[in-house]
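Residue 99 in the numbering used here is what sits at position 104 of the sequence shown, and the numbering runs on without skipping anything. This report concerns only the one structure given below.
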Amino acid sequence: MSQTRDISSPEYLPEVTIVVPTYQEVDSLGPLLERIGAVRAGGLDLDVLIVDDDSQDGTVELIASLDLDWVQLLVRTEERGLSAAVLCGLGVARGRVLVVMDADLSHPPEAIPQFAAALEEGADFVVGSRYVPGGTTEDGWGVLRWVNSKVATYMARPFTTVRDPMSGFLGFRHDTWSAAVDLDPVGYKIGLELIVKCRCRHVVEVPIHFSTRQLGESKLSLRVQLQYLTHIVRLARWKFPGWSSFVPFAMVGVSGIAVYAGLLWLFQEWLGGRISEDLLIIMAIVITMVWNFVFDRWLAFWYARQQSIARQFVGFLLVCSIPVLVNFFVTRWLLGDDVVVTPAAGVIGALVGSVAGVVFNWMFVRAMVFKRPSRG
Ligand SMILES: Nc1nc2c(ncn2[C@@H]2O[C@H](COP(=O)(O)OP(=O)(O)OP(=O)(O)O)[C@@H](O)[C@H]2O)c(=O)[nH]1
Ligand SMILES: [Mg+2]
């Protein structure tokens, strides 16, 4: 198979291209390529694309000295970052099947023929998995890392039922990758991004033994882990745009009730008797509206942040004025008739206003104030 082809010819297309992102992995690359070489010798037509972020640790020299015609090194000097390096590699990879794996010998290359077979049998995407029967991790994982991995996995649940969505050992057909839309990975978890954005339905998990890195240093910093949260939020906004907007909207609404009741109470304590009750309620309402506007714009209507804030604010005030009026009169009635005392009056007033307003506000604010920019 691989031996009979002229792999330097531009017409040559390997069956599998393995993309290996590296940053200071010179110690691992030799043993890794040896093991991949054995898989290749076993009959799998493959080439390897190493995407190195200018490690300057002898990687370039090592690859040159090994002189393997099925290994290509791409050095990126402009930027750094795992996901970007992987995307860069995938962009030039030519295999019919694409595999992504770490360089640090955590992922067994011997599993790659199984990846190819699963894709052949109809899988859209293959994940080398620690958490399916037969999959294992090495002893000695600290509790912290284990908890970290579990929490991250649960956070990925709304997007995929894959047991090990954090895995960096991935396989998919070239055409699946070509169909990806809006790829925008931050940080580390390119697998999750690809499963979601390539709209993969049939994901197969191949059990692997995940070895703890023996050589070189981990690049998994706290910053990278925090980026995962940003990534999850972005994915949610992409996959569930309605809910990702409504849930923060409702939460901001609830927070507004607390702010309103608190302000009303505070103003009564400070200013009660010195200014009219109406003015007091109006002050609390205005501040609460500013609060809701700021947080709604930030969290619920993130996509409209490029638009004019002044126009949005005026629109917001107009749309919200109806539930606000309900709020105002209910609070005034409760306070005026001494039916209940603050802060209960504030809470009840705001609750009635909110219930009246939440659906109304949601529909009109979305349609008239924070308009979605058209795609493309
Ligand atoms: N090109 C490139 N590769 C990176 C970058 N950060 C990490 N890598 C590579 O991505 C793979 C995974 O990184 P690791 O540091 O092993 O991350 P991990 O597997 O989550 O953590 P440990 O195994 O504990 O170190 C390795 O092959 C790294 O060399 C980067 O910024 N650029
Ligand atoms: Mg690793």
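C-beta: ideal position from N, C-alpha, C; glycine also.
- With a threshold of 16 other beta carbon atoms within 10 Å, LEU114 meets it and is buried.
- In chain order, MET96, HIS102, GLY123 place their CB closer than 6 Å to the CB of PHE164, counting only its own chain and leaving out the 5 sequence neighbours on each side.
- The DSSP-derived three-state label of GLY166 is strand.
- Residue nearest to LEU224 within the set ALA151, ILE31, ARG30 is ALA151 (criterion: CA-CA distance).
- Ranked by Cα distance from LEU8, the first of LEU41, GLY32, ARG35 is LEU41.
- For a cut-off of 8 Å, the C-beta gap from VAL198 to ALA106 is around 15 Å, too long to register as a contact.
- In this structure, VAL254 and TRP286 form a Cβ contact; the two beta carbons are roughly 5 Å apart against a cut-off of 8 Å.
- Look at SER23: its beta carbon is at least 7 Å from all of the heavy atoms in ligand 2.
- In the three-state reduction of the DSSP assignment, LEU63 falls in the coil class.
- Ligand 2 never approaches ARG30 closely enough for any of its heavy atoms to be under 7 Å from the residue's Cβ.
- Between GLY310 and VAL364, the beta carbon gap of about 4 Å places them in contact (Cβ cut-off 8 Å).
- Per DSSP, VAL181 lies in no beta strand (DSSP E) segment and is marked neither H nor E.
- For ILE45, the uninterrupted beta strand (DSSP E) segment begins and ends at 41 to 47.
- Within 10 angstroms of the beta-carbon of LEU28 lie 16 or more other beta-carbons, which makes it buried.
- Close CB contacts of PHE262 within its chain, under the 7 Å cut and outside five residues either way in sequence, are with LEU275, MET278, ALA279 (chain order).
- As the crow flies, the alpha-carbon of LEU44 is around 11 Å from that of GLY86.
- One alpha carbon belongs to ILE185, the other to ALA245, and they sit about 31 Å apart.
- Ranking GLY257, PRO180, VAL281, SER271 by CA distance to the CA of ALA80 puts PRO180 first.
- Contact check between the stretch 264 to 273 and the stretch 203 to 219: fewer than three CB pairs, one atom from each, fall below 8 Å, which does not count as touching.
- The beta carbon of ARG125 sits closer than 6 Å to those of THR132, ASP159, PHE205, all from its chain and outside the five residues before and after it, given in chain order.
- Residue pairing from DSSP places GLY267 in a beta bridge opposite ILE270.
- Contact between GLY117 and PRO16 does not hold, since the beta-carbon distance rounds to 28 Å and is not under 8 Å.
- The stretch 72 to 112 contains, as complete beta strand (DSSP E) runs of 3+ residues, the segments 92 to 95 (chain order).
- In this structure, ligand 2 has a non-hydrogen atom nearer than 7 Å to the beta-carbon of ARG208.
- Exposed is the label assigned to GLY38, since fewer than 16 other Cβ atoms lie within 10 Å of its Cβ.
- By the neighbour-count criterion, in which 16 or more other beta carbons inside 10 Å mark a residue as buried, MET161 falls on the buried side.
- Contact between THR12 and GLY90 holds: their C-beta atoms lie close to 3 Å from each other, under 8 Å.
- Here PRO236 is exposed: its Cβ has fewer than 16 other Cβ atoms, across all protein chains shown, within 10 Å.
- Annotation: ILE203 is outside any alpha helix (DSSP H) and is labelled neither H nor E by DSSP.
- Taking the Cβ of ASP48 as the reference point, every heavy atom of ligand 2 lies at 7 Å or farther away.
- The C-beta distance from VAL46 to LEU69 rounds to 5 Å, short enough to meet the 8 Å contact threshold.
- Pairing ALA295 with GLU188, the inter-Cα distance amounts to about 22 Å.
- The beta carbons of THR54 and VAL94 sit no closer together than 8 Å.
- Pairing ASP48 with ARG75 gives a Cβ-Cβ distance under 8 Å.
- In terms of CA proximity to SER50, GLN19 leads the group GLN19, GLU10, SER78.
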